[in-house]
Amino acid sequence: MQANISSKNLRGLSLKDENLKGINLSKEDIRGLDFTEADLTGAILNGATCGVETWWTIPILIISLFIMSLSGFSASIIVNCNLYYFSRIHGVIKNIFTSLISIIYITWLHAYFLKKLPKYLMNIGLMKKEDIIEQGSSIDQSALIFVGIIIIIIVGILIPFIINMDESNDKDVNGYYVVISMSVFVILVNLLLLAYFGESRYDITRRAAGAFIGSILGIIISNQAILKKEKKYVWIWNLFVYLISAKGTKFHGSTLDDASFANVNIKGSSFINCTVNRTSWEGVKRIDCSRIQGNYLDNPKIRDLVIKKRTGKVKDYRDMNLQGLNLFGANLEKIDLSEADLSNSQLTKAELQDSTLSQTRLDNVDLRDANITGTTIEMRSIPATAKLDGLICDFFYPQSNPKQRYPIIGKLTSLEAIKLLQKPSEIKIIFKKDGIDWQAFLQAFEKCLKELKISSDNSEKLIQGFKRELNGDFVIRLNVPDNVDEVEFKDKLIQAYDQDIEYLKTKYKDTLSKTDIDFQENTSMLKIIRQLAYPESLIIQNIVTINGKTVMTNDMSGSSVGGSVGGNFNNAPGDHNSTNQGDNNQGVLGDNNQVTQQNQVGVDAETPLTKEDVVKLFAELEALVKGAEIPAETKEEVVEDLSSASKATDKEEPNKNLALKRLGNVVDTLEKTSKSVDAGQKIWTTAKPIIVKIATWLGAAASSHILGL
């Protein structure tokens, strides 16, 4: 239930754990509001006034005056922080003000106030007359200098040194040594002034000179903390902001998904561990004066990107976590997003011309009406979950050949670009370990295609693959055709399967024994393998040698199949039945099932392939394709997939899943070409043994996968 906020005076209210979905607080004064754990999904706070309540500035002033009284060094730091936070004075003028205030305050305080304080304490009975020293002060003036020296050592040297121990390669380490040198200089000057002037009548000069030199050092360090956010000193600014925001607008643990903070001055607010998916920060002001922790706003590069909605001099965002950003209408031309994660981000109407989206994660990203013309991107690399309506992409550069535009001439329509770049939709159907009847599944699949009027010419391409999980469950992955509702497709398939399984149960109830049923399920599974995988690609994981014969167990756990193949497959129930699996391949099914695969490549345990061998095979395939007389577009597509697969394999920890996927694309493309172009048949025949070697190595190395060829 949503909270009822009828009062116009919202300042200081507590709205903890409230449901504030979609609430409109535009241009409202929400200073001091506590939104801890509140649900502000879709809330609109455009132009609202955030920050601290006015009364809280009084305690801040008292604390600041106390810190200022310690030394000119500490005075300049706290004055600089206050001026940056509360005023619009910046640059050199702010530094001059800081130094003047520090000198005047320190000189007056130490020269007059501290001398009169003992007399005041004596008058009210808190101090005896004999305790007052000759100059009329019970406070040793030199002690104040040593207090200042201790502060300089701690703030300017000790803490930065401890932090710097973890940053030996820090590029700005020279700046740190400058500060150390300056700190030592300030300490020595103050000691010399104390030794020269002592407690003479010229002590005002000593105090003013010491305060001036200390203020210069304090300005340098505070500017490092406030403006440059230098790690060794930024804790000073963070401590000040923490103190200020204690009574500011709080969004601790709040849900801010799809909320809008456009043009809000969030000075004095705190955003700690809140969820900020697709939250709009466009034009947000004074974010460096707010407390940020536990979300992407911690990163200055990301913060600038979501606030300014454009890239500046920095265009390198490679391998960065950019999940859930709101970049609606952003100008991101020539940005490098290689291997970055943009999942769940809002990029509607974004300008991404000439950018790099190589291996970028784009799950659930919104690219409607975005312009990605001239982008370097892999074909079929955008997930089906991405929204691409109205996508503008006149041409792009495939990753395998970033200098060759696609298409070479002309422009792509939006639909053509989407078809080339987006993966087909995918659904998963899980069959529990109590079993799956493959005959019933195939019948249901064909029935579903007819009912939804889906062409069955290449229906096997819709079956991306299946896998038996370690817990015994079967998972079937299906590519959903364009213009077909995923939920409807899945529901109809499951419904048709349930009907067929009931029919088959009735049909075989009285005619088959338990052994016959088990055997039929085994032969049905081999039929599926035959229909979905070329015979040479069959990789048997449970292989043992008994009396010189290779024996395969009936346990298919952990195996999976993907892809397509044609060919005859004949089987008959009973023991010791044989099934042809390609040239010179023979399988004997039934009790003590045996499989002999005379021409299988890559199974020989004596000469196993290495990663380097596989990379060389990829290079051999690529050279073969480049020299083939096949259409240029087909050649580009295959070379791109081979290059991606080779790179995925050649990593320190090979990305086997990506390599398998790319190799599967190569197989699909070359198979189609072999049926339409004479030269395609020749290259397919030559390439097939190489592909089988690679597939065998990848399959064995990738958790018992059977590559879909």
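Using numbering that gives the first Met the number 0, the first residue of the sequence shown is number 0, and each one after it goes up by one.
Glycine included, each C-beta is placed from N, C-alpha and C at the ideal position.
As the structure is a prediction and not an experimental result, all values here were calculated from the model.
Burial is judged here by how many other beta carbons sit within 10 angstroms of a residue's own beta carbon; Asn-294 has at least 16 and is buried. Only buried fits Tyr-405, as 16 or more other CB atoms lie within 10 angstroms of its CB. Lys-231 is classed as buried because its beta carbon has at least 16 other beta carbons within 10 Å across all chains shown. Proximity to Asp-28 across Leu-9, Gly-21, Asp-38, Ile-22 peaks at Leu-9, based on C-alpha coordinates.
A contact is defined here as three or more CB-CB pairs under 8 Å, and the segment 40 to 50 fails this definition with respect to the segment 59 to 76.
The C-beta separation of Gln-358 from Ser-342 comes to about 13 Å, leaving the pair out of contact by the 8 Å criterion. Exposure of Ser-86 is indicated by the presence of fewer than 16 other C-beta atoms within 10 angstroms of its C-beta. Here Thr-685 is exposed, its C-beta having fewer than 16 other C-beta atoms within 10 Å.
In the DSSP assignment, Leu-477 falls within the unbroken beta strand (DSSP E) covering 473 to 479. In the three-state scheme derived from DSSP, where H, G and I count as helix and E and B as strand, Asn-45 is classed as coil. For Ile-453 against Val-486, the beta-carbon gap comes to about 15 Å, at or over 8 Å, which does not count as contact. If you draw a straight line from the Cα of Leu-361 to the Cα of Ala-385, it comes to about 7 Å.
Beta-bridge pairing by DSSP links Arg-309 to Asn-330. Ser-380 and Ile-22 have their C-alpha atoms roughly 38 Å apart. For Arg-661, the enclosing alpha helix (DSSP H) stretches over residues 655 to 675. Minimum Cα-Cα distance from Lys-466 among the listed residues Ala-495, Ile-428, Leu-441 corresponds to Ile-428. In the three-state reduction of the DSSP assignment, Glu-338 falls in the coil class, being assigned neither a helical nor a strand state. Boundaries of the alpha helix (DSSP H) harbouring Ser-413: 413 to 420, taken from the DSSP string.
Assigned with DSSP and collapsed to three states, Lys-402 falls in coil, not helix or strand. In the DSSP assignment, the residues bridged to Glu-425 are Asn-478. With 16 or more neighbouring CB atoms inside 10 Å of its own CB, Ile-376 falls in the buried class. Counting along the chain, Ser-244 sits inside the alpha helix (DSSP H) bounded by residues 233 to 244. Per DSSP, the beta-bridge partners of Tyr-396 are Thr-375.
In the three-state DSSP reduction, Asp-16 falls in the coil class, being neither helix nor strand.
Of the other Cβ atoms in all chains shown, fewer than 16 fall within 10 Å of the Cβ of Pro-688; this residue is therefore exposed.
For Ser-269, the enclosing beta strand (DSSP E) begins and ends at 269 to 271. With a 10 Å radius around the Cβ and a threshold of 16 neighbouring Cβ atoms, Lys-402 comes out exposed.
Nearest Cα to Val-154 within the set Ser-101, Leu-238, Tyr-84: Leu-238.
Here the alpha carbon of Met-181 sits roughly 7 Å from the alpha carbon of Leu-216. Of the residues assessed, Asp-667 falls on the buried side of the cut-off, its CB having 16 or more other CB atoms within 10 angstroms. In the displayed model, Arg-367 falls within coil according to three-state DSSP, outside both helix and strand. Val-479 is positioned such that its CB atom lies closer than 8 Å to that of Glu-425.
When secondary structure is reduced to three states using DSSP, Glu-52 falls in the coil class, being assigned neither helix nor strand.
Counting only residues of its own chain and dropping the five nearest sequence neighbours on each side, Ile-151 has a CB closer than 8 Å to the CB of Ser-70, Phe-72, Ser-182, Val-185, Ile-186, Gly-213, Leu-216. Nearest in C-alpha terms to Asp-315, of all of Gly-323, Lys-333, Leu-226, is Lys-333. Per DSSP, Ile-291 lies in no alpha helix (DSSP H); the unbroken beta strand (DSSP E) holding it starts and ends at 290 to 292.
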